[in-house]
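Sequences listed follow chains A, B, C, D, E and F, in order.
Numbering of the first sequence is given in my numbering, commencing with residue 51 and proceeding in unit increments.
Numbering of the second sequence is given in my numbering, commencing with residue 51 and proceeding in unit increments.
Numbering of the third sequence is given in my numbering, commencing with residue 51 and proceeding in unit increments.
Numbering of the fourth sequence is given in my numbering, commencing with residue 51 and proceeding in unit increments.
Numbering of the fifth sequence is given in my numbering, commencing with residue 51 and proceeding in unit increments.
Numbering of the sixth sequence is given in my numbering, commencing with residue 51 and proceeding in unit increments.
Even glycine gets a Cβ: it sits at the ideal position worked out from N, Cα and C.
Everything below concerns the one structure shown next.
Protein chains: 6
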Amino acid sequence: MNKWQISEVVQKALSEDLPFEDLTSELLIEDNLYGEAYFLAKEDLVVCGIPVVEEVFQKVDGTVELSFKVKEGEEVSKGTKFGVARGKVKSLLKGERVALNFLQHLSGIATVVRRMQKKLSPYGITLLDTRKTLPGLKVLQKYAVRVGGGQNHRFSLSDGLLIKDNHIKACGGIEKVLEKLNRTPHYAAVEIEVKSLTELSLILECEANISAVLLDNFSQKDLEKALDMIKRSGKKVLVEVSGGVKEENLDRFLIPGIDYLSSGAITHSVKAVDISFKVDKVWKV
Amino acid sequence: MNKWQISEVVQKALSEDLPFEDLTSELLIEDNLYGEAYFLAKEDLVVCGIPVVEEVFQKVDGTVELSFKVKEGEEVSKGTKFGVARGKVKSLLKGERVALNFLQHLSGIATVVRRMQKKLSPYGITLLDTRKTLPGLKVLQKYAVRVGGGQNHRFSLSDGLLIKDNHIKACGGIEKVLEKLNRTPHYAAVEIEVKSLTELSLILECEANISAVLLDNFSQKDLEKALDMIKRSGKKVLVEVSGGVKEENLDRFLIPGIDYLSSGAITHSVKAVDISFKVDKVWKV
Amino acid sequence: MNKWQISEVVQKALSEDLPFEDLTSELLIEDNLYGEAYFLAKEDLVVCGIPVVEEVFQKVDGTVELSFKVKEGEEVSKGTKFGVARGKVKSLLKGERVALNFLQHLSGIATVVRRMQKKLSPYGITLLDTRKTLPGLKVLQKYAVRVGGGQNHRFSLSDGLLIKDNHIKACGGIEKVLEKLNRTPHYAAVEIEVKSLTELSLILECEANISAVLLDNFSQKDLEKALDMIKRSGKKVLVEVSGGVKEENLDRFLIPGIDYLSSGAITHSVKAVDISFKVDKVWKV
Amino acid sequence: MNKWQISEVVQKALSEDLPFEDLTSELLIEDNLYGEAYFLAKEDLVVCGIPVVEEVFQKVDGTVELSFKVKEGEEVSKGTKFGVARGKVKSLLKGERVALNFLQHLSGIATVVRRMQKKLSPYGITLLDTRKTLPGLKVLQKYAVRVGGGQNHRFSLSDGLLIKDNHIKACGGIEKVLEKLNRTPHYAAVEIEVKSLTELSLILECEANISAVLLDNFSQKDLEKALDMIKRSGKKVLVEVSGGVKEENLDRFLIPGIDYLSSGAITHSVKAVDISFKVDKVWKV
Amino acid sequence: MNKWQISEVVQKALSEDLPFEDLTSELLIEDNLYGEAYFLAKEDLVVCGIPVVEEVFQKVDGTVELSFKVKEGEEVSKGTKFGVARGKVKSLLKGERVALNFLQHLSGIATVVRRMQKKLSPYGITLLDTRKTLPGLKVLQKYAVRVGGGQNHRFSLSDGLLIKDNHIKACGGIEKVLEKLNRTPHYAAVEIEVKSLTELSLILECEANISAVLLDNFSQKDLEKALDMIKRSGKKVLVEVSGGVKEENLDRFLIPGIDYLSSGAITHSVKAVDISFKVDKVWKV
Amino acid sequence: MNKWQISEVVQKALSEDLPFEDLTSELLIEDNLYGEAYFLAKEDLVVCGIPVVEEVFQKVDGTVELSFKVKEGEEVSKGTKFGVARGKVKSLLKGERVALNFLQHLSGIATVVRRMQKKLSPYGITLLDTRKTLPGLKVLQKYAVRVGGGQNHRFSLSDGLLIKDNHIKACGGIEKVLEKLNRTPHYAAVEIEVKSLTELSLILECEANISAVLLDNFSQKDLEKALDMIKRSGKKVLVEVSGGVKEENLDRFLIPGIDYLSSGAITHSVKAVDISFKVDKVWKV
């Protein structure tokens with residue numbers, strides 16, 4: 051993640067949550083009250099989002115000090131106090147929720163990705179994300195996927211050629227698409243989504259330089275047939291599999307021959323992990 | 051939702067997904083190819099986000115026409131083609147993913163909230179959201195909660211006084227907090243989070259004008275005791291219950307006497323509903 | 051005030067006043083000329099806006115040093131040199147006007163509020179601001195009211211329920227309004243504006259939980275009657291009075307029984323206090 | 051005023067006043083309630099800000115219709131209903147306060163300027179504004195000065211050379227300044243602030259091409275002497291007078307020979323004029 | 051180009067050129083003066099930038115009407131009046147310079163690219179741009195290259211893998227780089243810059259999947275040798291040539307076997323074409 | 051240049067070039083690889099843009115250290131390594147292109163301006179820029195002109211009165227224009243563009259206070275006649291000459307009596323100078 055991108059997304063988040071003042075802290079907390087609060091993992095998780103949390107407290111009040119006992123991407127077990135914030139109590143409370151909202155979301159992604167990739171690795175499969183990200187959070191979400199151990203598929207429509215069902219439909223069929231592939235930008239590899247074994251065989255026979263096929267929503271049986279067809283064709287093409295992939299059904303996809311498994315769920319249906327931020331000590335200055 | 055807020059969040063989302071051009075469409079789709087695509091519900095759902103989808107295509111290409119067969123907030127069943135977009139195929143494909151990312155997320159919220167609220171209504175309980183929202187999406191997420199039939203808790207730290215465990219800890223106990231309540235802004239009601247029956251009894255006995263208590267993470271047994279205490283105290287105070295509330299464990303909370311049930315999960319752990327956007331017909335002009 | 055909000059408003063102000071370069075300083079002042087300038091109170095005033103002035107010079111040239119002999123909110127008498135800026139003379143002159151524009155406006159608010167609140171305090175009355183603020187300056191203006199010793203009424207339409215004449219008119223009368231009050235958000239207290247003793251009596255008799263009444267534009271005589279009615283009703287309701295309140299006519303409102311006096315004039319018709327910024331010594335480096 | 055500048059300042063103002071929803075209207079006003087509200091002058095005033103008001107309602111809800119019976123800059127007398135807004139009542143109420151905040155401030159400026167300029171015109175004097183404007187509102191405030199009938203002094207440090215006391219002090223005296231005037235940009239005229247008759251005589255004798263002198267804070271007597279000196283010198287130089295000029299003390303400055311009278315007060319100490327926005331009729335659709 | 055991107059860059063340009071008002075037009079041109087002005091090609095050129103010009107006048111004054119006799123990308127010869135603007139004269143003059151600045155720059159790019167591509171086409175060579183674009187104008191410049199008939203190389207560091215001399219140096223030589231190529235994202239093709247025939251032979255012998263080689267700054271003689279080596283190697287690799295390529299030295303590069311010729315000069319050293327905007331008729335309304 | 055303006059333009063440039071990550075560096079460069087790279091002048095040039103380069107690396111990664119052996123505006127000869135960057139290699143490579151794009155463009159302007167001004171100085175002529183600048187880069191380009199040794203003409207339409215052919219045409223002739231000059235703002239000097247000797251004679255005879263005439267597109271012969279007419283008229287008016295002025299045809303304009311020579315080409319048709327950024331040493335930490 052680049053520094054100015056973190057700055058922008060944090061500013062937006064703080065503007066939402068503090069359009070004016072923190073009414074409750076203004077009422078209850080004196081200006082000269084300082085304190086310490088810790089981040090507590092309430093389940094096993096992969097920590098992700100430390101640089102974002104730092105920016106949150108930086109923007110709220112440059113004097114809050116943060117120290118983390120773990121590095122970005124480390125696994126911590128339930129009950130671990132993995133970080134501490136120290137400073138004006140008012141500032142701690144102003145930043146608390148926004149910091150946690152980022153941290154729980156990004157760690158949520160990294161944690162699931164880590165578990166899924168661990169299952170996939172023995173099969174030589176790499177977990178990929180998609181463009182099914184939450185608006186405004188794409189850079190952060192894709193970062194969390196990498197922290198979790200997965201890889202990023204293309205970031206946007208502007209990088210990478212991924213020919214999907216709607217393109218094929220609009221072109222009038224996969225044959226029409228294949229005719230146009232001689233005009234691809236030389237710096238982008240071509241990936242084509244296929245919906246059936248028939249489509250797949252057209253691609254395996256074509257002359258165009260195709261980097262990968264995306265087998266989307268294949269049944270278990272057809273998936274195996276497809277992998278076999280690809281192997282036998284001798285065509286050097288990477289195999290990405292997609293279609294409702296999530297942690298719960300991952301076992302269905304543990305098939306050698308798959309290079310990439312892409313999951314929209316890891317970014318569009320994120321389960322936040324449970325992290326608390328607890329004020330521990332306070333003192334007056 | 052206010053018009054300019056939709057505009058801002060859509061612009062940000064498009065900037066992410068189209069920093070330059072849509073490489074694939076530039077390669078495959080002619081400028082004079084027009085077409086029609088429909089939105090297809092792939093599961094039962096509550097439609098939410100139509101004004102956002104309209105803004106997406108407005109910003110991509112002002113000439114795309116959208117028509118929806120349902121109103122915002124209506125339930126559609128699996129298999130329903132509930133809307134149609136008509137225009138340049140290139141523009142349809144440029145807007146597709148961003149439009150779906152919004153629509154699937156917001157409908158995801160509205161759908162779950164609708165189901166939960168239906169269960170809660172016979173018990174006189176209202177489902178509330180929290181400040182556990184995704185950064186940058188708070189206005190939209192809280193809108194989706196309302197579309198689903200829930201109510202919004204306060205939007206930000208700047209509206210509403212919600213005294214939570216960290217405030218109480220920092221003040222040195224609930225008694226200290228209660229002493230300060232005579233200085234609350236007159237336009238804001240006071241709600242206090244309580245963690246134990248002891249804390250609750252302090253509040254029920256105090257003189258301060260307290261609008262609501264938030265019973266957080268009470269066991270089933272203590273929750274019932276607490277509701278009973280409140281009832282017997284005769285104190286006019288609304289009861290909000292929270293603590294890991296989600297659709298899966300909702301039955302635990304179907305207890306008369308609860309006024310509000312607040313759930314972070316409905317905004318921090320949203321499951322996107324499945325919606326497709328399918329190009330149907332194309333023609334040249 | 052939050053750090054990023056000061057940053058935004060200062061950036062906007064500088065962009066207005068320095069779209070390009072400072073033509074006059076470019077012509078007359080050498081780059082290596084350094085100097086010192088002081089802030090001079092040309093009338094008795096309450097200093098307000100120091101953090102904003104610091105941000106102005108920070109954004110113009112990070113090396114300018116500021117030191118103030120007073121704290122934010124302190125009163126200084128006419129003739130006091132209450133602060134000093136030290137650095138490149140060009141930078142001092144670039145920041146001068148923008149810094150003074152903020153300082154004179156905010157101190158203008160704080161000064162009047164201080165004087166008014168001093169008069170009100172013996173009567174147990176608190177001065178409130180309104181939403182009649184200058185566009186883009188609301189966060190700063192409301193901060194200056196607090197520095198002056200007043201309290202803030204709600205910040206925006208999104209926090210606090212204030213039912214005004216237009217709502218009552220649109221609903222078809224105050225009775226219709228009262229029927230709807232059972233659906234208020236639990237975190238917001240209800241305040242109703244009343245225009246006549248008749249309206250007031252309806253409110254005093256109703257069952258709804260009303261936190262405050264706003265007696266708007268009552269004659270002196272009716273105001274006293276109203277206060278008496280409220281007292282006799284035994285209803286626990288705070289009393290806010292408004293209607294052309296300003297320093298010049300404050301004596302009219304020094305009546306026990308009023309809790310809050312709200313004045314639009316303290317933010318919509320601010321008189322800037324007179325502060326000079328005088329270059330004192332210069333030297334070459 | 052340029053279209054995009056109005057758009058920016060209105061967006062900022064709405065963001066402040068509606069970070070989320072209008073809680074009160076959400077509670078009380080049905081979505082299908084439409085109505086009409088009028089703008090009522092509660093004192094004699096010059097209307098200024100119509101294009102801004104139009105942008106406010108455009109941004110809140112594009113379907114609100116506005117019609118004004120007067121043109122920008124026309125005078126209306128107390129009691130005149132000079133404009134009408136028609137549309138969803140919720141939208142009328144969302145836009146009301148922000149629209150009035152602009153309208154009352156800008157009309158406040160235009161009204162005072164109109165009155166002052168009328169007094170000045172028989173003496174051949176033109177009222178000027180200064181750079182003592184409110185941060186973020188400079189373009190609007192200077193527009194209101196023109197609508198009122200005054201003229202604008204330079205907009206920013208980047209246009210026009212105005213040599214003030216701090217420049218003279220930093221340069222080491224007016225003689226040093228005069229030596230540097232041969233390097234002025236050819237598109238900018240030079241104006242010099244003078245504080246004494248001695249300084250003035252130096253300027254009247256110098257060879258530099260000086261467009262105007264600014265007689266700042268001269269006593270009545272010295273002012274007359276200065277005007278006489280200028281006349282007798284035969285030097286073709288415009289005379290601007292400043293120093294605490296406001297409507298209340300304008301009579302002091304009605305002296306033939308003054309070309310421009312500049313007043314910071316007309317922008318830094320604006321008194322808002324009193325305008326109401328009253329919902330008149332409502333109907334359901 | 052996407053609509054919102056044009057909007058952003060035009061807003062920025064207008065903010066620069068009109069921070070306040072157009073002083074000259076305010077002085078000379080009446081508000082009720084309308085007129086017509088034409089765009090005149092003062093040399094042979096390819097028109098590029100019409101949608102940007104439309105946005106300029108839209109933002110200045112929505113009522114100006116534009117009509118162009120040519121389509122984007124058409125060639126017009128010297129002396130052609132290829133477009134007309136009709137509306138308030140003040141608005142025409144406010145938009146004139148900004149509109150021409152865009153139009154002359156973009157048409158400048160398109161014109162040179164058109165001439166260069168025409169020379170290259172018989173040799174089967176495609177002209178490419180680079181990332182050597184002017185800050186803030188990249189989307190527009192790359193659009194102009196396409197309008198001219200060239201192709202775009204990658205837009206940013208985030209799309210496409212282009213391994214340049216600094217990468218090779220930092221990795222410790224081309225062999226080290228080749229070892230890492232098994233981890234490339236599957237949606238991006240690999241291109242490597244080579245500086246010598248030795249480096250080229252390493253690449254031609256390696257097993258990695260390399261889409262293209264970029265022969266940078268090769269002498270005429272070495273370039274021919276390199277092309278020959280590639281041909282004889284039988285390796286299917288595209289050949290991009292770069293190194294000071296500009297219109298003046300294009301003949302040096304007209305060599306069969308080159309697929310792409312990339313030129314930084316077409317975007318970093320653009321010569322604006324000469325276009326006038328002449329007010330033709332005026333009338334009062 | 052003001053600090054916040056550099057920050058804005060650099061942020062925009064980085065957003066363009068790094069919407070996501072640097073794919074190539076992510077693939078090839080380890081996080082713990084540090085290094086040093088130098089800036090190499092590949093032709094004789096005037097260095098311009100150092101503060102911008104510093105901001106680029108500051109925004110990419112605050113820990114990169116830059117040191118330059120020359121000051122802004124110094125001339126360096128071909129082959130000079132004039133600056134060094136030290137830090138994470140990934141950060142060096144992320145910032146490289148954006149830094150060079152600024153540096154090559156701004157130094158390109160400064161270099162040409164320096165050469166042109168050196169030729170002009172013996173004739174007492176000053177080189178001026180125009181408003182023919184590249185959108186979004188105006189502040190930077192005009193800064194580079196000053197660094198090169200030229201002077202800035204007005205920045206925008208909002209400063210300086212420059213009456214051009216379109217104004218004269220719209221007013222109905224130069225006589226009509228001259229009648230209106232008594233209403234000019236006193237802080238702005240008037241310059242008029244003249245197209246013929248006849249127009250010139252009207253201006254030389256008029257009474258209006260005109261600061262400068264702009265002789266646009268005069269033939270060599272007419273230019274000499276015009277200069278002679280002006281001299282003989284005794285009218286104190288500065289002479290600016292324009293019309294296709296560029297380095298290549300500068301000799302045509304070396305005529306005593308010209309005060310300013312203005313050239314659009316120095317900003318609208320900039321030739322970037324050739325500067326390399328070479329990674330020199332690398333080490334692991």
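No Cβ of chain B is located within less than 8 Å of the beta carbon of Ser292 (chain E). Taking all protein chains in view, the Cβ of Ser141 (chain D) is crowded by 16 or more other Cβ atoms within 10 Å, so the residue is classified as buried.
Assignment of alpha helix (DSSP H) within the segment 198-252 of chain E, counting only whole runs of 4 or more residues, yields 215-221, 224-229 in chain order. At a Cβ-Cβ threshold of 8 Å, Lys144 (chain A) and Ser326 (chain A) do not count as neighbours. Contact with chain C is found for Lys53 (chain F), since one of that chain's Cβ atoms lies less than 8 Å from the residue's Cβ. Look at the segment 85-115 of chain F: the residues with a C-beta under 9 Å from a C-beta of chain A are Gln108, Lys109, Val110, Asp111, Gly112. Taking C-beta separations shorter than 8 Å and ignoring five residues to either side along the sequence, the partners of Trp333 (chain C) in its chain run Leu83, Tyr84, Gly85, following chain order. Per DSSP, reduced to three states, the secondary structure at Gly284 (chain E) is coil, with no helix or strand assignment. For Tyr237 (chain F), the chain D residues whose C-beta falls within less than 9 Å of its own C-beta are His203, Arg204, Asp209, Gly210, Leu211, Leu212, Ala238, Ala239, Val240, Glu241, Ser261, Ala262, listed in chain order. The Cβ of Tyr173 (chain A) sits no closer than 8 Å to any Cβ of chain E. The C-alpha of Glu125 (chain D) lies about 30 Å from the C-alpha of Val114 (chain E). When the beta-carbon positions are compared, Pro185 (chain F) and Asn202 (chain E) stay at least 8 Å from each other. The alpha-carbon separation between Tyr310 (chain A) and Lys219 (chain A) amounts to approximately 25 Å. Listed in chain order, the non-local C-beta contacts of Val189 (chain B) below 7 Å within the same chain comprise Met51, Gln55, local neighbours out to five positions each way being set aside. If you compare the alpha carbons of A:Lys131, A:Val291, A:Ala238 with that of Asp272 (chain A), the shortest gap goes to A:Val291.
DSSP, read as helix, strand or coil, puts Val162 (chain F) in helix. Nearest CB-CB separation between Gln154 (chain F) and chain E: below the 8 Å threshold. With a contact defined as Cβ atoms closer than 8 Å, Ile213 (chain D) and Thr74 (chain C) qualify at about 6 Å. Gly133 (chain A) sits in a strand when the DSSP states are folded into three classes. Nearest C-alpha to Ser57 (chain A) among A:Glu104, A:Lys245, A:Phe70: A:Glu104. Contact check for Arg164 (chain F) and Gly198 (chain F): beta-carbon distance about 5 Å, within the 8 Å limit, so the pair qualifies. For Ala63 (chain D), the uninterrupted alpha helix (DSSP H) run begins and ends at 53-67, by DSSP. Listed in chain order, the positions of the segment 291-323 of chain A with a beta carbon within less than 8 Å of a beta carbon of chain E are Asp309, Tyr310.
Of the residues E:His318, E:Lys331, E:Val263, E:Asp330, the one whose Cα lies closest to the Cα of Leu156 (chain E) is E:His318. Residue-level contact by beta carbon fails for Phe132 (chain C) and chain F, as no gap is shorter than 8 Å.
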